[in-house]
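Enquirer:
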C-alpha cells in the first residue's frame with residue numbers, strides 16, 4: 155500500500171492523501187481485509203480508490219491519478235521500485251479463529267503485510283507487536299485505538315503509513331490501562347461504532363487519569379456506544395473531543411495531522 159500512497163501524494167499532496175485512502179478503505183465490504191497482493195490491490199485501485207478520487211478531484215484528474223497508481227504498482231511488481239527496508243517483526247498468534255501469519259525475521263514485504271501485524275493487541279485477540287527499533291531515529295505519533303476489532307486502527311495506519319504513527323489496539327479494560335502506561339499515547343481514539351469490551355464508565359475512569367497531553371477523541375460520538383462514552387466522560391470531567399459519524403472523516407484525521415506537523 156506504500157506504493158499506492160506515494161502515487162496519490164503526487165496528485166493530492168501528502169496531507170490530503172490519508173483522507174483519500176481512509177475513505178476508499180471505508181468503502182470496502184464489511185469484513186473485507188486491507189488489500190494485499192496484485193489482484194486485491196488492482197481491484198481496490200479501480201474500485202473504491204477510483205471512486206473516492208473522482209469525488210475529490212473530478213473525473214479527468216481522478217483518471218490521471220488512477221493511471222499513476224497503476225503505473226507505480228506495475229513498476230513495483232517488476233522490481234523497479236525501491237526495495238523496502240527489512241523490518242524485524244515479532245508475531246504471536248494465539249486465537250485459531252484468526253488467519254495464520256508467516257513473517258520472516260527480515261521480511262521483504264512492504265506495509266501491505268504490516269497493516270495487521272503492526273496493530274498491537276492483547277488478551278483474547280492475537281498478540282501482535284513490532285520492534286520499536288524501527289522508530290528510534292524517527293518521530294512517530296503513538297496512538298491507542300479503543301475498539302472491539304482492529305478495523306479502524308488498520309485504516310488509520312494504512313492511511314498515514316507505519317513510519318509516521320505507531321498504533322496499538324485496546325479491546326478490553328486491562329489492555330487499555332496497560333497501553334496508557336507503556337505506550338504513553340499522544341492520541342486515544344475511541345471507536346463508538348465498534349464498541350470494545352469495557353463499560354463506558356471504565357473507559358472514563360482511565361481516560362481521566364491519562365497524561366494531560368493525551369488527546370482523546372470519540373469517533374462516532376453520535377452512535378449509541380459513542381454517546382454513552384461521551385456521557386461517562388462528561389460526568390468525570392474528562393477533556394475530550396467529539397467526532398460524530400455525520401462529520402467528515404477529515405475531522406478525525408486532522409487531529410492526527412496536527413500531531414504529525
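In my numbering, the protein residues as written are 155 to 415. Ideal Cβ placement from N, Cα and C applies to all residues, glycine included.
Among 155, 166, 162, 172, which has the Cα closest to the Cα of residue 402?
Expert: Walking along the chain shown from the start, residue 402 turns up at place 248. Per the Cα distances, 172.
Enquirer: Count the other C-beta atoms from every protein chain shown that fall within 10 angstroms of the C-beta of residue 200, then say buried if there are 16 or more, exposed otherwise.
Expert: Position 46 of the chain shown, counting from 1, holds the residue named residue 200. Flag for residue 200 reads exposed.
Enquirer: Taking DSSP's pairing of strands, which residues face residue 379 in a bridge?
Expert: Walking along the chain shown from the start, residue 379 turns up at place 225. For residue 379, which the question treats as bridged, DSSP gives no partner whatsoever.
Enquirer: Is residue 293 buried or exposed, if buried means 16 or more other CB atoms sit within 10 Å of its CB?
Expert: In the chain shown, the residue the question calls residue 293 occupies position 139. It counts as exposed.
Enquirer: How many Å lie between residue 308 and residue 188 at the Cα?
Expert: Translated into positions along the chain shown, residue 308 becomes position 154. Translated into positions along the chain shown, residue 188 becomes position 34. Those two C-alpha atoms are separated by around 8 angstroms.
Enquirer: Have a look at residue 348 and residue 159 and give me their C-alpha separation to the nearest angstrom.
Expert: For this step, residue 348 is matched to residue 194 along the chain shown. For this step, residue 159 is matched to residue 5 along the chain shown. Roughly 26 angstroms separates the two Cα atoms.
Enquirer: Which residue comes first and which comes last in the beta strand (DSSP E) that contains residue 296?
Expert: As a first step, residue 296 is located in the chain shown; it is residue number 142 there, counting from the start. Start and end: 295–300.
Enquirer: Report back the beta-carbon spacing between residue 344 and residue 371 to the nearest angstrom; my notes put them in contact at under 8 angstroms.
Expert: Within the chain shown, numbered from 1, the residue matching residue 344 stands at position 190. Within the chain shown, numbered from 1, the residue matching residue 371 stands at position 217. 7 angstroms between Cβ atoms; contact.
Enquirer: Please determine, among 198, 168, 161, the residue with the shortest C-alpha to C-alpha distance to residue 178.
Expert: For the purposes of this step, residue 178 is taken as the residue at position 24 of the chain shown. The residue with the shortest Cα to Cα distance from residue 178 is 198.
Enquirer: What separation, rounded to the nearest whole angstrom, lies between the Cα atoms of residue 414 and residue 306?
Expert: Here the question's residue 414 lines up with position 260 in the chain shown. Here the question's residue 306 lines up with position 152 in the chain shown. Between residue 414 and residue 306, the C-alpha separation is close to 19 angstroms.
Enquirer: Spatial neighbours of residue 355 within its chain, please: C-beta separation below 6 angstroms, excluding the five flanking residues on both sides.
Expert: Here the question's residue 355 lines up with position 201 in the chain shown. Once the five neighbours on either side are set aside, the close Cβ partners of residue 355 are 386.
Enquirer: At 3 residues or longer, what runs of the beta strand (DSSP E) sit wholly inside the stretch 364–413?
Expert: The stretch 364–413 contains these whole beta strand (DSSP E) runs: 369–373, 395–397.
Enquirer: Between which two residues does the beta strand (DSSP E) harbouring residue 151 extend?
Expert: Nothing in the structure corresponds to residue 151, since the chain is present only between 155 and 415.
Enquirer: Considering residue 220, what are the terminal residues of the alpha helix (DSSP H) in which it resides?
Expert: Within the chain shown, the letter at position 66 stands for residue 220. First-last of the alpha helix (DSSP H) with residue 220: 213–231.
Enquirer: Within a Cβ cutoff of 6 angstroms, which residues of the same chain sit near residue 214, ignoring the five residues on either side of it in sequence?
Expert: Residue 214 sits at position 60 when you count from the first residue of the chain shown. Around residue 214: no qualifying Cβ.
Enquirer: In or out: residue 400 buried (at least 16 other Cβ within 10 Å) or exposed?
Expert: Counted from its first residue, the chain shown places residue 400 at position 246. Residue 400 should be labelled exposed.
Enquirer: Residue 339 and residue 298: beta carbons closer than 8 angstroms?
Expert: By one-based count along the chain shown, residue 339 stands at place 185. By one-based count along the chain shown, residue 298 stands at place 144. For residue 339 and residue 298, yes; Cβs fall inside 8 angstroms.
Enquirer: Apply the 10 Å Cβ neighbour rule to residue 316 and answer buried if 16 or more other Cβ atoms are within range, or exposed otherwise.
Expert: Counting from 1 along the chain shown, the entry for residue 316 is found at position 162. Looking at its Cβ environment, which holds 16 or more other Cβ atoms inside 10 Å, residue 316 is buried.
Enquirer: Exposed or buried, residue 230, counting other C-beta atoms within 10 Å across all chains shown (16 or more means buried)?
Expert: The residue you call residue 230 lines up with position 76 of the chain shown. By the neighbour-count rule (16 or more Cβ atoms within 10 Å), residue 230 is buried.
Enquirer: Just verifying my parser: in three-state terms, what is the DSSP assignment at residue 328?
Expert: As a first step, residue 328 is located in the chain shown; it is residue number 174 there, counting from the start. Reduced to three states, the DSSP call for residue 328 is helix.
Enquirer: For residue 181, count neighbouring C-beta atoms within 10 Å of its own C-beta (all shown protein chains included) and say buried if the count is 16 or more, exposed if not.
Expert: Against the chain shown, residue 181 aligns to sequence position 27. So residue 181 ends up on the exposed side.
Enquirer: Leaving out five residues before and five after residue 375 in sequence, what residues of the same chain have Cβ atoms less than 7 angstroms from its Cβ?
Expert: Along the chain shown, one-based indexing puts residue 375 at 221. Cβ within range, chain order: 346, 381, 384, 396, 397, 398.
Enquirer: Closest to residue 184 by C-alpha separation, out of 208, 227, 304, would be which residue?
Expert: Taking the chain shown and counting its residues from 1, one reaches residue 184 at position 30. Nearest option by C-alpha distance: 304.
Enquirer: Pick from 296, 337, 217: whose alpha carbon is nearest that of residue 411?
Expert: Residue mapping note: residue 411 aligns to position 257 of the chain shown, counting from 1. Closest option to residue 411, Cα to Cα, is 296.
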